[in-house]
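J.: Numbering (the working numbering), first residue to last: 1 to 159. Idealized CB from N, CA, C, for every residue including glycine.
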DNA sequence: GCCAACGTTGGC
DNA sequence: GCCAACGTTGGC
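The following block contains the structure:
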């Protein structure tokens, strides 16, 4: 029985890994490593599944906002970097038999002609409950409703 | 670059 | 188990 597709928002700092970097990556795919927050980890491990749609959000660097769309191409699996001593994401306390951190694979799907800026998201009545517009929302992987997802697509198309 | 808000750590 | 101190995030 097919599970209903779900929607998410992934934050990234574009000077670290932008949506263009994702588009240029081999097979336009990367693994979303380095999430070291338990709430986000739980989503990656338990809830985010292959086929889910993702709003690709650029934080910190102007223009801040949703830059495009990506798709989850592999469901949650243990983040290999936690066991890599050369990685800055290594976590020596994580046990390979019971990994602490998870990642998913993300594939580029679409880059908007223009970033939909955070300021516009904040002004849209349909998005008033969206997590990313709330003050102090730091979760790097956030659930998004279908209604919110569609509203962002519409705003991107209207720009 | 600043700094407020947040999550995590660690002493007690 | 509390909570102060600390490190990080992220909008501005």
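(1) Contact defined as beta carbons within less than 8 Å: I believe residue 8 pairs with residue 152. What is the distance between those atoms, to the nearest angstrom?
(2) Go to residue 135, then tell me how far its alpha helix (DSSP H) extends in each direction, as first and last residue.
(3) According to DSSP, which residues form a beta bridge with residue 71?
(4) In the DSSP assignment, find the alpha helix (DSSP H) that holds residue 9 and state where it starts and stops.
(5) Can you tell me whether DSSP reads residue 4 as helix, strand or coil?
(6) Helix, strand or coil for residue 37? Go by DSSP, reduced to three states.
(7) How about residue 22 and residue 70: do their beta carbons lie closer than 9 Å?
(8) From residue 93 to residue 49, what does the alpha carbon distance come to, in whole angstroms?
T.: If we stick to the structure as given:
(1) About 12 Å; that fails the 8 Å criterion.
(2) Taken as a continuous stretch (DSSP letters only), residue 135 belongs to no alpha helix (DSSP H), as it is neither H nor E.
(3) 53 and 107
(4) Element bounds for residue 9: not the alpha helix (DSSP H) but the beta strand (DSSP E), 7-12.
(5) coil
(6) Reduced to three states, the DSSP call for residue 37 is coil.
(7) Yes, Cβ-Cβ distance for residue 22 and residue 70 is below 9 Å.
(8) 27 Å
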